[in-house]
Amino acid sequence: MLRIQPALPERYTDASPDELDQMIGSAKAALGDRLFILGHHYQRDEVMRWADARGDSYRLSVLAQERPDAEFIVFCGVHFMAESADVLTGDHQQVILPDLNAGCSMADMADLDEVEEAWEALEQVVDIERLVPITYMNSSASLKAFVGRKGGAVCTSTNARAVLEWALAKGDKVLFFPDQHLGRNTGLAMGYGLDDMQVWNPRLELGGLTEVEAKEATFLLWKGHCSVHQRFRPEHVEAFRAEHPDGIVIAHPECSHELCQVADKVGSTDFIIKEVEAAPEGSTIAVATEIHLVQRLDHETPGKTIQSLDPLICPCSTMFRIDGPHLAWVLENLVEGRVVNQITVDTDTAEWARVALQRMLDIT
Ligand code: 13P
Ligand code: SF4
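When you read off a place in the sequence shown, starting at 1, and then add 397, the result is the number in the working numbering.
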């Protein structure tokens, strides 16, 4: 989704890294406890060094909720994360995204109109009362609200299995969006087969399925993906193992099923960090996830070699939009009493999105 980020004044675009550090440091000191800066693990180091707390998308929302005294939450991450923080924080708090164009291409692969159309089409062929909608955290607040209204829940890559088990105890089938890979990998880990799953293509009538296919599938997986994680291929694993026969491969579940089935371990950002910490000294670990996290793990874990599974570097271009100039710009504006780039979710959407998020918290 295109959002308009105004061009920054030259004071920021022309500043040297030292000057930017000076601006950010001074503004942060001036704002004190009124400010809480959150940094997602995929952020670049020049931004991450200013974060008061780091985490994955879920953890950062919880952290935002745990700081009701902070007036301004500057979210160094992407749009859907800032929205979730706004949903989970108080009305007196303002959530700020340093660059409005920091979206998520996967989250943009499912919008409310398309999901409502899918629901209406499915109503004609399946028992809709037994269909449970589940949205990945990487989705707009309007989709979280949709699942809240329809009796479904949000999930993250850490708790997708628990949420899907809950959904299939409550109903007969799930409509899972927007990431087909997380849905497929989790369903397979739960013991379902590929023949229990169908891909729902929102551009085609009835998702491109026959009525029988739509009726019989336990998992209807939205045709969405993360372009960063989808790049990793089984050939990368073969090449890594040829060079490091004792090496360990860890993949994020947004990677394809073909990749996940040949990886040694599969799990969320949080899982990857814990596995790297727990690996024996001297290990060589290839990680299939965003490069800034991989490089930071390597720097911060002496005695182990952590590398990207894809040697051709794999950054998330939207996470990368958050940089020193944008951070300095939002902070200096706050010092001047101006809130720029505030992310707000309207009251009705926020109320239902909160219901869906709360169901996830209650399940896990
Ligand atoms: P996390 O939920 O692990 O933070 O993942 C965010 C993300 O964008 C993964 O691609
Ligand atoms: Fe979205 Fe993928 Fe970037 Fe995560 S890594 S923010 S899913 S595009």
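From the three backbone atoms N, C-alpha and C, an ideal C-beta is built for every residue, glycine too.
> Looking at Y439 and the ligand SF4, is the gap between the Cβ and the nearest heavy atom below 7 Å?
Replying inline: yes
> Less than 7 Å between the CB of N535 and some heavy atom of the ligand SF4, yes or no?
Replying inline: yes
> Identify the residues that DSSP records as bridge partners of I688: which are they?
Replying inline: Note: I688 sits in no beta bridge, so no partner.
> Any heavy atom of the ligand SF4 closer than 7 Å to the Cβ of S502?
Replying inline: yes
> What separation, rounded to the nearest whole angstrom, lies between the Cα atoms of S624 and A648?
Replying inline: 14 Å
>> Tell me which residue opens and which closes the alpha helix (DSSP H) that L754 is part of.
In response: 744-760
>> On a Cα-Cα basis, can you pick out the residue from A564, V551, Q419 that is closest to K527?
In response: One detail in the question is off: residue 527 reads as Arg in this sequence, not Lys. Checking every option, the nearest Cα to that of R527 belongs to A564.
>> Is E651 a contact residue of the ligand SF4, with contact defined as CB to any heavy atom under 7 Å?
In response: yes
> Would you call V634 buried or exposed, if buried means 16 or more other Cβ atoms sit within 10 Å of its Cβ?
Replying inline: buried
> I think L617 touches K570, with their Cβ atoms under 8 Å apart; what is that distance to the nearest whole Å?
Replying inline: 7 Å
> Do the stretch 707-726 and the stretch 509-518 make contact, defined as three or more Cβ pairs closer than 8 Å?
Replying inline: no
> Can you list, in chain order, the stretches of the beta strand (DSSP E) that have 3 or more residues and sit fully within the stretch 521-603?
Replying inline: 528-533, 550-552, 570-574, 594-597
>> Just to confirm the assignment, what range does the beta strand (DSSP E) spanning G644 have?
In response: Taken as a continuous stretch (DSSP letters only), G644 belongs to no beta strand (DSSP E), as it is neither H nor E.
> Whose CA, out of N738, V752, Q755, lies closest to the CA of Q491?
Replying inline: N738
>> Residues in the same chain with beta-carbon distance under 6 Å from T702, minus the five sequence neighbours each way, listed in chain order, please.
In response: T681
>> Given the structure, does H762 come close to the ligand SF4, in the sense that its CB is under 7 Å from one of the ligand's heavy atoms?
In response: The structure shown does not extend to residue 762, since the chain spans only 398 to 761, so no value can be given for it.
>> Quick check: does the Cβ of D762 come within less than 7 Å of any heavy atom belonging to the ligand 13P?
In response: In the structure as shown, the chain starts at 398 and stops at 761, and residue 762 therefore has no counterpart that could be examined.
>> Can you find the residues in the same chain that come closer than 8 Å, C-beta to C-beta, to T583, ignoring five residues on each side of it along the sequence?
In response: A557, R558, L561, P650
> Should K567 be labelled buried (16 or more other beta-carbon atoms within 10 Å of its own) or exposed?
Replying inline: exposed
>> Is H476 close to the ligand SF4? I mean its beta-carbon at under 7 Å from any heavy atom of the ligand.
In response: no
> If you follow the beta strand (DSSP E) that G436 is part of, which residue opens it and which one closes it?
Replying inline: 432-437
> Do Y589 and the ligand 13P come close, with the Cβ less than 7 Å from some heavy atom?
Replying inline: no
> Is T486 helix, strand or coil by DSSP?
Replying inline: coil
>> In the DSSP assignment, the alpha helix (DSSP H) including C657 goes from what residue to what residue?
In response: 654-657
> What's the gap between the Cα of V459 and the Cα of A448?
Replying inline: 15 Å
> What are the boundary residues of the beta strand (DSSP E) that R451 is part of?
Replying inline: 450-452
> DSSP state of I740, grouped into three classes?
Replying inline: coil
>> Short of 6 Å in beta carbon distance, which residues of its chain neighbour L417, apart from the five on each side in sequence? Order them along the chain.
In response: G721, A725
> Distance, Cα to Cα, L519 vs I525?
Replying inline: 7 Å
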